[in-house]
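To start, the structure itself, in structure tokens.
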Amino acid sequence: MKTVLSYGAGVNTFYMLLKLPEWGIKPDYVVFADTGNEQPATYDHLKRVAIPEMERQGLKFVTVKHPKWSSLLEYSLSTRKMPPRTKFRGQGRYCTTMFKLDPIIRFETSVRENKEAFTNLIGIAYDEIHRMSTVGRRKWITNAHPLVERHITREDCLTGIRLAGFEAPPKSSCDFCPFQKKSQWARTLRDNPSAIDDGINIELLFNQKMKEKLAAKGFEKTTFFSLRYDGRPLEEWRKNSAPKEIENLTKLEKFDAAQTFLDETCDMESCMT
Numbered sequence: 107m108k109t110v111l112s113y114g115a116g117v118n119t120f121y122m123l124l125k126l127p128e129w130g131i132k133p134d135y136v137v138f139a140d141t142g143n144e145q146p147a148t149y150d151h152l153k154r155v156a157i158p159e160m161e162r163q164g165l166k167f168v169t170v171k172h173p174k175w176s177s178l179l180e181y182s183l184s185t186r187k188m189p190p191r192t193k194f195r196g197q198g199r200y201c202t203t204m205f206k207l208d209p210i211i212r213f214e215t216s217v218r219e220n221k222e223a224f225t226n227l228i229g230i231a232y233d234e235i236h237r238m239s240t241v242g243r244r245k246w247i248t249n250a251h252p253l254v255e256r257h258i259t260r261e262d263c264l265t266g267i268r269l270a271g272f273e274a275p276p277k278s279s280c281d282f283c284p285f286q287k288k289s290q291w292a293r294t295l296r297d298n299p300s301a302i303d304d305g306i307n308i309e310l311l312f313n314q315k316m317k318e319k320l321a322a323k324g325f326e327k328t329t330f331f332s333l334r335y336d337g338r339p340l341e342e343w344r345k346n347s348a349p350k351e352i353e354n355l356t357k358l359e360k361f362d363a364a365q366t367f368l369d370e371t372c373d374m375e376s377c378m379t
């Protein structure tokens with residue numbers, strides 16, 4: 107049996123990485139599925155902090171990507187698709203499936219020998235137990251949840267990282283993830299404004315495609331589909347509400363007590379761990 111740490115590059119999986127020696131776990135591989143559009147701070151923490159720790163532990167680190175598309179952005183613009191908040195658009199969660207789960211499975215298939223079984227270590231915390239599934243995407247893959255088994259919450263992970271003397275990674279997510287909360291959209295615009303430009307282009311292309319499809323059937327499109335949780339077009343939000351939200355965010359970030367509130371967790375899928 108082989109063991110793989112599915113490394114989401116966020117708080118939970120970084121804490122798991124730090125605790126592996128204490129727990130007596132040495133995975134055969136640490137696998138990071140790179141969408142090509144992770145937050146810049148995520149790549150920075152991975153390079154400066156996480157990978158050196160993996161090297162110290164003697165772990166094999168592997169980055170996997172989609173075999174054809176260089177990034178989630180390239181795919182979304184080329185196909186005029188938009189990462190959905192729900193599945194009602196008929197396209198499913200292609201961002202998670204195509205750019206996270208499938209690349210990891212392809213890698214595991216490539217290193218699998220003699221029909222051996224795999225255990226994937228998933229960084230879901232005890233207070234996110236509703237996201238947990240022990241069933242892998244293949245019969246020979248089993249998901250394990252060390253944090254849930256040990257009743258370790260996300261706040262416990264943050265505290266443990268700081269007590270160990272390490273810098274906590276940022277919340278991991280794609281630049282234009284539709285599950286970003288209000289504070290994260292403001293942070294993205296402030297720290298990585300080109301990502302908002304990308305999101306605006308995705309929205310415009312997707313809505314144009316929907317307009318063309320409905321027009322071909324004799325219908326007029328009246329609803330604008332947005333990446334944001336509140337349905338507002340990104341361009342409208344950037345012009346009107348964003349400056350004040352960035353101002354409020356910057357003020358809140360000065361207080362340690364506000365960090366848990368700002369570092370809100372995701373309720374969907376398993377790509378942000």
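Sequential numbering of the sequence shown, starting at 107, is according to the working numbering.
From the three backbone atoms N, C-alpha and C, an ideal C-beta is built for every residue, glycine too.
{"Query": "If F282 and A270 are in contact, beta carbons under 8 Å, what's the gap, nearest whole angstrom?", "Result": "No, F282 and A270 are not in contact; Cβ-Cβ is about 32 Å, not under 8 Å."}
{"Query": "Suppose you measure from the CA of K125 to the CA of S347; what does that come to, to the nearest Å?", "Result": "41 Å"}
{"Query": "Mark Y149 as exposed unless 16 or more other C-beta atoms lie within 10 angstroms of its C-beta, in which case mark it buried.", "Result": "exposed"}
{"Query": "Would the segment 197–213 and the segment 321–336 be scored as touching if the rule is three or more Cβ pairs under 8 Å?", "Result": "no"}
{"Query": "Under the rule that 16 or more other beta-carbon atoms within 10 Å means buried, what is E326, buried or exposed?", "Result": "exposed"}
{"Query": "Work out the CA separation of V110 and R191 for me, nearest whole Å.", "Result": "28 Å"}
{"Query": "Is the beta carbon of I247 less than 7 Å from the beta carbon of F224?", "Result": "yes"}
{"Query": "When DSSP labels each residue in this structure, what does M374 get in the three-state scheme?", "Result": "The pLDDT assigned to M374 is 47, lower than 50, so where the model puts this residue is not dependable, and the model offers no usable value."}
{"Query": "Identify which residue in C263, F205, A115 has its Cα closest to the Cα of L253.", "Result": "C263"}
{"Query": "Output the distance between the C-alpha atoms of T329 and F213, rounded to the nearest integer angstrom.", "Result": "40 Å"}
{"Query": "Using the Cα positions of L152 and S216, report the straight-line distance between them to the nearest angstrom.", "Result": "24 Å"}
{"Query": "Does the contact criterion of 3 or more C-beta pairs under 8 Å hold for the segment 167–182 versus the segment 138–148?", "Result": "yes"}
{"Query": "Measure the alpha-carbon distance for K317 versus S239 and round it to whole angstroms.", "Result": "38 Å"}
{"Query": "Do L333 and S289 have their beta-carbon atoms positioned less than 7 Å apart in this structure?", "Result": "no"}
{"Query": "By alpha-carbon positions, which one of Q163, P189, I352 ends up nearest to A292?", "Result": "I352"}
{"Query": "On the CB-based measure, 16 or more other CB atoms within 10 Å of its CB, does K277 come out buried or exposed?", "Result": "buried"}
{"Query": "Let me know the secondary structure DSSP gives N143 once reduced to three states.", "Result": "coil"}
{"Query": "Among all the DSSP beta bridges, which residues are the ones paired with I247?", "Result": "F224"}
{"Query": "From which residue to which residue does the beta strand (DSSP E) around N108 run?", "Result": "Note on identity: in this sequence residue 108 is Lys, with Asn being the wrong assignment. K108 -> beta strand (DSSP E) spans 108–112."}
{"Query": "With a cut-off of 8 Å on the beta carbons, I'd call A231 and N118 a contact; round off their distance for me.", "Result": "5 Å"}
{"Query": "Pick helix, strand or coil for Y232, following the three-state DSSP scheme.", "Result": "helix"}
{"Query": "Considering only residues of the same chain and omitting the five flanking positions on each side of W129, which have a CB-CB separation below 7 Å?", "Result": "P252"}
{"Query": "If we count the other Cβ atoms within 10 Å of its Cβ and call it buried at 16 or more, is R162 buried or exposed?", "Result": "exposed"}
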